[in-house]
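Residue numbers (numbering that gives the first Met the number 0): 0 to 45. Below is one structure; the comments refer to it alone.
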Amino acid sequence: MVLGCVSSEGDVMPPHFFEQGLWLNADGYVKLLDMVVKPWITKVAN
């Protein structure tokens, strides 16, 4: 599975690849957003 994001300004986050067979619950997804997506958004927004 791959996660990618696009900002409202058109910036594209590099794809984040998950290991095969990984299962995420809601807590895991929120942690992923904090560890991967949030730093990218902060970097792009500055």
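All C-beta atoms, glycine included, are put in the ideal place defined by N, C-alpha and C.
What are the boundary residues of the alpha helix (DSSP H) that includes residue i?
i, result
"V29", "A25 to L31"
"W22", "Unbroken run through W22: none, as it is neither H nor E."
"P38", "K37 to A44"
Give me, in chain order, the residues of the same chain whose beta-carbon lies closer than 8 Å to that of residue i; leave out the 5 immediate sequence neighbours on both sides.
i, result
"E8", "V43"
"N24", "none"
Could you say which of the options lies nearest to residue i if we only look at CA atoms?
i, options, result
"V11", "L32, G20 and G3", "G3"
"G20", "M0, T41 and D33", "M0"
Spatial neighbours of residue i within its chain, please: CB distance less than 6 Å, with the 5 preceding and 5 following residues excluded, ordered by chain position.
i, result
"H15", "L2 and V35"
"V5", "V11"
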